[in-house]
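Each remark here refers to the structure printed beneath this line.
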Amino acid sequence: MNPASDALIRLDGVTKTFGSTTALKNASLQVSRGEIVVLLGLSGSGKSTLLRHLDGLEVPTSGDIEVLGAKVPTLKGKALRRLRSRVGFIFQQFELVPSLTVLENVLTGSLSEVSGPRLGLWGYSKAAKLRALGHLDRVGLLDRAYQRSDTLSGGQQQRVAIARALMQKPDILLADEPVASLDPESSDQVMALIREIAADEGLTVVCSLHQVDLAISWADRIVGLRHGEVVLDTPTSDLTKAEVMEIYGRVATTTAEITAVQAELIEIAADVAIESGGTGDPEVDSEGATASAELDRARVS
Amino acid sequence: MTLLADASRAAAAAEAASVAGRAPRRPISPERIAAGLTLLALVVLGILAVNEVGISIPAMIQSWGNAENFMARVGGLTFPDPGDLAWLIALTVGLVLVGTLLAAVLSVPIAYLAASNTTPGNGWRAAARFVGVLTRALPDVVLAMAFVLMFSLGTLPGILAIGIHSIGMISKMFADAIEQIDEGPRLAIRAAGGSKMQEFASGILPQVLPSWVATVLHRNDINLRGSVVLGYVGVAGLGLEMSYAFKALNYGKGLGIALVIFILCVVMEIVSSMVRGAMLGQQKHTRSWIDRIIHPRLGDRASDAGSTSPAWAASPQAAVRRPWTAERVRNTVGVVIAVLVVIGSVIVSQINWMDFFTFWAKLPEVAAKFWPPSFGSYDASAMFAAMRDTVAIALAATVLTLLPSLILGSLAASNVAPNSGARGVARFLLVGIRGIPELILAIVLVVITGLGAQAGVIALAIGGIGLLGKLIADSFEEVDRGPERALRAVGATRLQTYTSATVPQGMQALIGHSFYMLDTNIRAATILGIVGGGGVGYYLLNASQGSRYETVTAIVLMILATVLIVEGLAMWMRKVFR
């Protein structure tokens, strides 16, 4: 079967400019059903903008976007809301309503199923409440249901946000740097939860990340972005971290980017050195040296 | 060694010079300069106005004799019968509350249209803002004068006057609150497929509700003080009784009622700040003893949601019924009390609902009386001079208010006050000052200093400290605490932290509030004219008492134009100094 025909998400030559800055430059991408794709790039590379286009939160300056068979830029009003209800969105800053209870926050995920505004818990049906509580149970926060959401820790808030997205019964889950505001332990929990839920529900996931090791351990496929351009699109199975970093090195062009990549490289080198029982000195490690050399070449070009 | 140090110092200096060479020049925006000069000009004009009014302490001491004579004439304070008094208090509070609530309800759609992040279009936004400015510029006394003509005497003219005039401030504060929300939760609801209305109800409303309630309570306090003036034009309640007493030269009774009003205002102020504290309690970082009384369980909430999960959380089925925690009981009791108070207020104000039907029949006839505007028997240049006097009074009062407000307001902010004692004293002073209705202050001052602008300026300046000081305290408490912590970590003193972290963050609000003060003072200066405080208000009262309504319209239009100019200036300043 032609893989393209199975694509749930299709971007074709999408360009987006905000005033004089170009956030996306002729970006094309296809994601098939059940795939887990990570958008990898430094901050400002256009990952968030790309994700927001998939949910109709941004309208492209030019290009076509098709999600779940609908041409997103042409959608308006009810049709747009129907598409959004089938696409769950996880934000870096969780974006829960701080003064509402955890349960009410999860219930807001079902707003597209009802018409008219809802004030307070009594506005939702018992069935909806049961479903929301079930999702809370699944993310392990049932006992927090009636607490204000701003009394939870960051990791817990992100789990509530996942429950809210599940409340939409989505086909696609978009996640914009879901763990960038979390500590490593909560990050692992949240990523594991997303992975597990995606497998159980057969969700298609597009997730933006900037940590290379997380991306490798987590994605089926990595799409690299730089200055709004897709510069890399490859399955993860045959990639090692050093290889990705090599590419990452090529991706970086400005001084700040190179510094960031260099820091990562030294870290990898140290890791490898420790694993291989080495001295821990990055200079003597061959893999680190290769990557550094690669970086130097990138800087020259 | 020294050679080496010298060399490195020279190198550092050379590098610094080259950095200075490479650094971009600080951009100079002509608009910023113009705005700064305007601000300076206003302050200078204000100081000149203070001079012109000729406030002098010796003169005031000299006229102290007048006050003694007056007090001798008063004899002792007398009060109405306890039963009558209780009824008058209930009536006054009830009608003010209903009026404020009416304004709050009407303000919601206006604020939605006026807020930059919710408005459907710039046309709607401009229209909504215009409604806000217009209602704010129309003094409630003037509205009441018009409504008294259309409705029978009683509470309805007062309720409508308060209800319409308060839209101006409430809708503006509501809109500001909407503009300050965190857009994220709202975006999340949009991303989940929610409609505009759902975005508002679930994403915006929960975020703005505490601030909205605080605004309504705050306005309610202002309206209670303003209700005194409404009595002078025939609205039922304590104000009307007081005006009767003064007209009958029964000073003892008049001042007795004034004292009752003062106490009522202070009590209301304390009640509303307690309610506000309880509503904002969850976000508080500091805890005064008052906070501890209002929400004693705040501290141990985090710990009681501990590791063992409660019985109701065993399964989703069991959890569907919300458990009656202490917090939920407290919230429910609060809501029930609020509903009962509102129902009680509607009953007590004895609204004559039939008026709403007869009103339409009278409307064309009454409207015709107010149109076309004309100065009538007054000389136009004399009217403009009177308006100029009113603006001068307002400017002088605002300038006099600024410094004391900044000091008291800063001391009252929890993140600036050196200790809770100083903060308590500052808050107490602000509440006390705010409790004094300006009209009563002005009446007393007129007695002491004689008729004229002096009484008006002092009354407004003192009254302004209460309002501006409070607004300053609130906006200083709202600044991001991060920069303050950072400066303290750098080793800055308390004063340095204040000037480098707190004030710069609160500066925009400070300028905004000062212009709001000027705007309030222009309208208040008008009203004070009614009791002999000088300016255009005197002519306004004369015109309305002489039933020359077309002159009332002309004067109101003049005030309106002035307030609109100030409003325009304020908008510009906020835009430039953001």
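Here the protein sequences come in this chain order: A and B.
Sequential numbering from 1 applies to the first sequence in the numbering used here.
Sequential numbering from 1001 applies to the second sequence in the numbering used here.
Think of the CB as a built atom: it goes at the ideal place given N, C-alpha and C, for glycine as much as any other residue.
Contact criterion: CB-CB distance below 8 Å. Does residue i meet it with respect to chain A?
i: D1291(B); result: Here D1291(B) scores only 46 on pLDDT, less than 50, and its place in the model is too uncertain to base an answer on.
i: S1211(B); result: no
i: V1329(B); result: no
i: R1322(B); result: yes
i: L1187(B); result: yes
i: P1310(B); result: yes
i: S1195(B); result: yes
i: Q1496(B); result: no
i: G1568(B); result: no
i: Q1317(B); result: yes
i: A1192(B); result: yes
Nearest to residue i by alpha carbon, out of the options?
i: L1460(B); options: N1069(B), I1440(B) and F1476(B); result: I1440(B)
i: M1573(B); options: L1039(B), V1019(B), R1190(B) and L1224(B); result: L1039(B)
i: N105(A); options: Q92(A), G120(A), A23(A) and L239(A); result: G120(A)
i: F1384(B); options: Q1062(B), W1124(B) and A1554(B); result: A1554(B)
i: K1196(B); options: T1118(B), L1406(B), N1521(B) and Y1549(B); result: T1118(B)
i: R1434(B); options: V1444(B), L1445(B), G1163(B) and S1405(B); result: S1405(B)
i: L1430(B); options: G1239(B), L1411(B) and S1315(B); result: L1411(B)
i: I1465(B); options: R1423(B), V1399(B) and L1205(B); result: V1399(B)
i: N1051(B); options: A1392(B), G1512(B) and W1371(B); result: A1392(B)
For residue i and chain B, any beta-carbon pair shorter than 8 Å?
i: R33(A); result: no
i: R145(A); result: The sequence given here has Ala at residue 145(A), not Arg. So, interface residue.
i: L11(A); result: no
i: S20(A); result: no
i: P117(A); result: yes
i: L203(A); result: no
i: Q303(A); result: The displayed coordinates of chain A run from 1 to 301. Any statement about residue 303(A) would go beyond what the structure contains.
i: D220(A); result: no
i: V179(A); result: no
i: K241(A); result: no
i: K169(A); result: no
i: S153(A); result: no
i: G109(A); result: yes
i: K129(A); result: yes
i: D137(A); result: yes
Ordered along the chain, which non-local residues of its own chain (more than five positions away) have a Cβ less than 8 Å from that of residue i?
i: L1487(B); result: Q1496, T1497, S1500 and A1501
i: L1085(B); result: F1079 and V1260
i: S286(A); result: In this predicted model, S286(A) has a pLDDT of only 43, less than 50, meaning its place in the structure is not dependable; the value taken from the coordinates is given anyway. Around S286(A): no qualifying Cβ.
i: F1200(B); result: Y1112 and T1118
Can we count residue i as close to the ligand MN, meaning its CB is less than 7 Å from some heavy atom?
i: P1418(B); result: Absence of the ligand MN from the depicted structure is noted, as is the absence of any ligand whatsoever, leaving it without description.
Anyone know if the C-beta pair for residue i and residue j falls short of 8 Å?
i: G1409(B); j: K1470(B); result: yes
i: L80(A); j: D176(A); result: no
i: E1241(B); j: L1088(B); result: yes
i: R226(A); j: V190(A); result: no
i: L1106(B); j: T1155(B); result: no
i: G1535(B); j: A1525(B); result: yes
i: S1345(B); j: V1098(B); result: yes
i: L107(A); j: A70(A); result: no
i: I1178(B); j: V1133(B); result: no
i: L83(A); j: L68(A); result: yes
i: Y1516(B); j: A1386(B); result: no
i: L1224(B); j: A1161(B); result: no
i: R86(A); j: I172(A); result: yes
Starting from the C-beta of residue i, find all residues in its chain whose C-beta is less than 7 Å away, skip the five residues before and the five after it, and write them out in chain order.
i: D31(A); result: One detail in the question is off: residue 31(A) reads as Val in this sequence, not Asp. The residues are A7, L8, I9, V37, T204 and V206.
i: A1104(B); result: I1170 and V1216
i: T1286(B); result: Low local confidence applies: a pLDDT of 42 at T1286(B) is under 50, so the model's placement there is unreliable, and no value is given.
i: A1305(B); result: Low confidence applies to A1305(B): its pLDDT is 46, below 50, so where it sits in the model is not reliable enough to give any reading.
i: V1576(B); result: E1031, R1032 and A1035
i: A128(A); result: L107 and S110
Which same chain residues end up closer than 6 Å to residue i when comparing Cβ atoms and leaving out the 5 residues on each side of it in sequence?
i: P1030(B); result: none
i: M1279(B); result: P1210 and V1213
i: L973(B); result: The shown model of chain B, from 1001 to 1578, leaves out residue 973(B), and the question about it has no answer.
Name, going along the chain, the residues of the segment 1369-1383 of chain B whose beta-carbon falls closer than 8 Å to a beta-carbon of chain A.
Residues passing the 8 Å Cβ filter: none.
For the segment 37-52 of chain A, list every residue whose C-beta sits within 7 Å of some C-beta in chain B, in sequence order.
Along the segment 37-52 of chain A, none of the residues has a CB nearer than 7 Å to a CB of chain B.
Residues of the segment 1198-1224 of chain B with a CB closer than 8 Å to any CB of chain A: list them in chain order, please.
Of all residues in the segment 1198-1224 of chain B, Q1198, F1200, A1201, S1202, G1203, L1205, P1206, Q1207, L1209 and P1210 have a Cβ within less than 8 Å of some Cβ in chain A.
At a CB distance below 9 Å, what residues from the segment 1256-1273 of chain B approach chain A? Give them in sequence order.
Listed in sequence order: no entries.
Under 8 Å (Cβ pairs) to chain B, residues found in the segment 186-216 of chain A:
Residues of the segment 186-216 of chain A with a Cβ closer than 8 Å to any Cβ of chain B: none.
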